[in-house]
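Numbering (this note's numbering), first residue to last: 89 to 423.
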């Protein structure tokens with residue numbers, strides 16, 4: 089479906105070239121090598137690195153995470169992907185300008201990017217670049233992992249991830265279906281700096297769970313809203329994007345009359361390679377965590393520490409201790 093080998097004729101017969109045609113999520117057809125040994129991720133590495141790690145390709149990455157030293161956002165990398173911390177960067181910041189010299193020094197076989205403009209810029213440097221960025225739903229995330237599996241010749245691992253994710257989706261749907269309609273809360277996924285609904289994929293998760301997303305119908309991925317709008321929504325539950333969002337909501341007097349604040353239903357979704365409520369290969373964990381946070385009684389048998397250990401062992405080949413699993417789960421803490 090995505091691969092077409094190219095052949096070239098010669099006096100000795102037909103020879104298969106060492107590249108093939110790869111169709112990315114932007115619809116671009118790119119000639120990429122049959123075997124990828126060196127890979128860079130550009131634009132938003134925490135997302136792309138997750139796809140790569142989920143199919144067992146983390147060892148192929150040759151660039152790191154821009155801004156790691158200045159942000160607590162990546163603290164879990166010390167546990168989950170410490171090698172990436174030490175690698176050189178090709179951007180000064182996430183989504184920042186590319187350093188062409190640094191990128192070429194790394195001699196990548198291919199680059200994974202978040203948008204066509206960046207991919208085209210890298211192509212001009214003579215490096216094949218593909219866009220893998222189908223991010224609005226879990227189905228899109230599964231497609232991204234499948235494409236990365238094809239790119240890295242790790243189709244079996246990608247298929248295993250998709251099967252695992254689908255099992256989690258079905259498990260959550262079946263359990264959440266037992267929740268009475270009157271007990272299904274209204275929910276806002278929010279970041280405070282400034283007030284923003286960060287993306288669309290949390291809305292997809294809330295749909296699977298059967299909760300009411302107060303931003304449903306708003307198709308702008310990163311949607312900024314006013315304090316006045318927040319009070320119009322007045323959600324039963326607020327799920328914060330960053331650890332700082334917990335004191336931001338709970339300790340600020342201007343939010344003290346919000347329903348979620350008064351009832352202490354403000355929680356912070358965990359972060360691994362990326363925030364679990366964002367576009368990430370860790371989406372299955374994000375879905376389970378959100379379901380358990382919203383419906384603790386129905387999901388009482390879901391042991392998140394065990395789920396975390398199982399996921400990272402299977403897909404990242406990282407065997408976490410109980411303490412490390414709980415460190416990831418409780419980094420933001422919940423009120």
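We treat Cβ as the ideally placed atom computed from N, Cα and C, and that holds for glycine.
Treat the numbers as computed from the prediction; the structure is a model and nothing was measured.
{"query": "Since I believe residue 346 is in contact with residue 240 (beta carbons under 8 Å), could you give me their beta-carbon distance rounded to a whole number of angstroms?", "result": "Contact doesn't hold; Cβ gap of about 45 Å is too wide."}
{"query": "In the DSSP assignment, the beta strand (DSSP E) including residue 277 goes from what residue to what residue?", "result": "274–280"}
{"query": "Would the beta-carbon of residue 441 fall within 8 Å of that of residue 376?", "result": "Here the chain comprises residues numbered 89 to 423, so residue 441 is not present and cannot be evaluated."}
{"query": "Under a three-way DSSP split, which group does residue 114 fall into?", "result": "coil"}
{"query": "For residue 328, report the span of its alpha helix (DSSP H) as first-last.", "result": "It is not in any alpha helix (DSSP H) - residue 328 instead sits in the beta strand (DSSP E) that spans 325–328."}
{"query": "Locate the beta strand (DSSP E) running through residue 200, then write down its first and last residues.", "result": "198–201"}
{"query": "Name the DSSP bridge partner or partners of residue 127?", "result": "149, 198"}
{"query": "Measuring alpha carbon to alpha carbon, tell me which residue in 242, 383, 216, 232 is nearest residue 265.", "result": "383"}
{"query": "Inspect the beta-carbon positions of residue 318 and residue 288 and report whether they are closer than 8 Å.", "result": "no"}
{"query": "Let me know the secondary structure DSSP gives residue 190 once reduced to three states.", "result": "helix"}
{"query": "Which residue comes first and which comes last in the alpha helix (DSSP H) that contains residue 77?", "result": "Because residue 77 is not part of the residues shown, which for the chain are 89 to 423, the question remains open."}
{"query": "With a cut-off of 8 Å, do at least 3 Cβ pairs link the stretch 358–377 to the stretch 220–236?", "result": "yes"}
{"query": "Provide the residue span of the alpha helix (DSSP H) that contains residue 396, from first to last.", "result": "392–404"}
{"query": "Assess, as a yes-or-no matter, whether the stretch 191–198 is touched by the stretch 123–130 under the definition of 3 or more beta carbon pairs within less than 8 Å.", "result": "yes"}
{"query": "Does DSSP classify residue 257 as helix, strand or coil?", "result": "helix"}
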